[in-house]
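Student:
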Amino acid sequence: LDERPIGMEIAIVRAEKSDRCMQDTIQRIQRLAAKRVDEADGKVSYHVLSKSGHWVHVDNPKGLLQIVTPKLASIT
6 LDERPIGMEI
16 AIVRAEKSDR
26 CMQDTIQRIQ
36 RLAAKRVDEA
46 DGKVSYHVLS
56 KSGHWVHVDN
66 PKGLLQIVTP
76 KLASIT
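Using my numbering, the letters of the sequence shown map in sequence onto residues 6 to 81.
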């Protein structure tokens, strides 16, 4: 994630109730997502999906769609 491909956005979705990520990993991802980058550079976005555990697509499908739909719509 430190060296992202030019023009690519990597969207990370974490389940609100998940215990799979260690706190230091979460903080590192949040720092990368908050980092200002040039439009041509790669980007990391970080999202926490509420009301979800490990099976995000089952636990909160509408919330997951709200996160990924704008990303998919922007693909040309």
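We put the beta carbon where it would ideally sit given N, CA and C, even for glycine.
To which residues of the same chain is isoleucine 15 closer than 8 Å at the C-beta, ignoring the five residues directly before and after it?
Tutor: Leu6, Arg9, Gly47, Lys48, Val49 and Ser50
Student: Counting C-beta neighbours from all protein chains within 10 Å, is the total for valine 42 16 or more, i.e. buried, or is it exposed?
Tutor: exposed
Student: For aspartate 64, which residues in the same chain have their Cβ closer than 6 Å to its Cβ, ignoring the five residues on either side in sequence?
Tutor: The beta carbon of aspartate 64 is closer than 6 Å to those of Ser57 and Gly58 in its chain, skipping five residues each way along the sequence.
Student: Work out the CA separation of glutamine 32 and methionine 13 for me, nearest whole Å.
Tutor: Answer to the nearest angstrom: the Cα atoms are 21 Å apart.
Student: Looking at the structure shown, is alanine 16 part of a helix, part of a strand, or coil, going by DSSP?
Tutor: strand
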